Each structure stands twice: as C-alpha cells, then as structure tokens.
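Trainee:
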Amino acid sequence: MSKSAGLLMYRFADHELEILLAHMGGPFFKNRDEGYWTIPKGLIEDDESMKEAAIREFQEETGIDPKGPFIELGEIKQKGGKKVYAWAFEYNGPREVKIRSNTFEMEWPPKSGKKTTFPEIDEARFFNEMKARKKMNQAQVPFIDRLKENI
1 MSKSAGLLMY
11 RFADHELEIL
21 LAHMGGPFFK
31 NRDEGYWTIP
41 KGLIEDDESM
51 KEAAIREFQE
61 ETGIDPKGPF
71 IELGEIKQKG
81 GKKVYAWAFE
91 YNGPREVKIR
101 SNTFEMEWPP
111 KSGKKTTFPE
121 IDEARFFNEM
131 KARKKMNQAQ
141 VPFIDRLKEN
151 I
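Residues 1 to 151, numbered by my numbering, are exactly what the sequence shown covers, in order.
1) Quick check: the segment 15 to 33 against the segment 67 to 74, are there 3 or more CB pairs under 8 Å?
2) With distance defined between alpha-carbon atoms, name the residue in ILE151, GLU57, TRP108 and GLY63 nearest to PRO27.
3) Would LYS67 be called buried (16 or more neighbouring beta carbons within 10 Å of its own) or exposed?
4) To the nearest angstrom, report how far apart TYR85 and HIS15 are at their CA atoms.
5) Name the DSSP bridge partner or partners of SER4?
6) Considering Cα atoms alone, identify which of ALA124, PHE143 and ASN150 is closest to GLY63.
7) Quick one: using the 10 Å Cβ neighbour count with 16 as the cut-off for buried, is ALA13 buried or exposed?
8) If we call anything under 9 Å between Cβ atoms a contact, is THR38 one with ASN137?
9) Going by DSSP, name the residue or residues bridged to LYS115.
10) Please name the residue or residues paired with ASN150 in a DSSP beta bridge.
11) So, for PRO142: in the same chain, excluding its five sequence neighbours on each side, which residues have a beta-carbon less than 7 Å away from its beta-carbon?
12) Could you please give me the residues that DSSP links to ILE19 through a beta bridge?
13) Compute the Euclidean distance between the alpha carbons of ARG100 and LYS115, then round it to the nearest angstrom.
14) For GLY42 versus GLY6, is the C-beta spacing smaller than 9 Å?
What follows is the structure in structure tokens.
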C-alpha cells in the first residue's frame, strides 16, 4: 500500500477560511473538476520523515516555501487504498498566489512513441471552505475538519 504526505495551506480572507487546492496536471485530469482537486502531496523518500516529504513535495509542486508552525492533521485512506498524511500551515503572503510546478514526462498520445512533458500541478488556487469540500478528493475532506478543530 502506498503512502504520501502533503501540506494543506490555508488563509483567512475577509474573516473566511480559505484552502489552497491543486489540480493535477497531465492529460488524464484535464477535463476533471469536482472531486479531483487535492492538497499538494507526494511519495515519501526512504531517507526522509513524512513531514519532510510533505514540505519537499509542497515546494516542488507549488514553488512556495512553506513556513510553520505546522499543525498535524493525521492520516486518511483514499479510495484506492493510498494513505495520505498531512500537516497544515497558515499562508500570510500576497493575495494572488502564483505556482511553479515541477514536471513529469510520459508517452502521449498512448503508443505514439512520443514523450510529452506535463506539469505535475496545472493549477492551484484558494477556495472557501464550502467550495473546497466540493472540489477536493472526498477522502481528504476530514483534513479540513481537523484543521478547524485546531485553529
């Protein structure tokens, strides 16, 4: 069973909780919306802690350097069996967030022999709590509940 770790970045805008969610890049997610947004996350390397992996993956996928303190949100299990561990932190930067995602390469179109490069995340933006609950992978919604219990 695979494990990944990620960060939930939040802020308050006009006294309303907002959550940063990322939309996965690549051709398989291009036209998918509700239920397909996620916290920035990724696989844990052998030589790092889960929290270190969460911070590294967040930096790679967004280009943003996360600043603690970090709130531990525990783990969830996604539909396919993957366990996701998360921490939250409050964002206090500029209102407009610009991401700079790392990329991956795959054969596209299938069986074409042609390699195409895609961003790991093609978009990231803040959503108010109600909208975030609709947009994100439903297995990850408990992270919002746990965040609210701790802030």
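C-beta: ideal position from N, C-alpha, C; glycine also.
Just so we're clear, the structure is a prediction, and the values are computed from it rather than from any experiment.
Mentor: From the atom records:
1) No, the segment 15 to 33 does not touch the segment 67 to 74.
2) When only C-alpha atoms are compared, the closest one is TRP108.
3) Exposed, because fewer than 16 other Cβ atoms sit within 10 Å of the Cβ of LYS67.
4) When the Cα atoms are used, TYR85 and HIS15 turn out to be separated by approximately 27 Å.
5) By DSSP's assignment, SER4 forms a beta bridge with LEU43 and VAL84.
6) When the alpha-carbon of GLY63 is set against those of ALA124, PHE143 and ASN150, the nearest one is in ALA124.
7) Counting Cβ neighbours within 10 Å, ALA13 comes out exposed, since fewer than 16 surround it.
8) Yes. Within cutoff.
9) Partner(s): GLU107.
10) For ASN150, which the question treats as bridged, DSSP gives no partner whatsoever.
11) Excluding residues within five positions, the ones whose Cβ falls inside 7 Å are ILE76.
12) Its beta-bridge partners are TYR10 and PHE127.
13) Spanning the alpha carbons of ARG100 and LYS115 requires a straight line of approximately 21 Å.
14) In this structure, GLY6 lies closer than 9 Å to GLY42 by Cβ.
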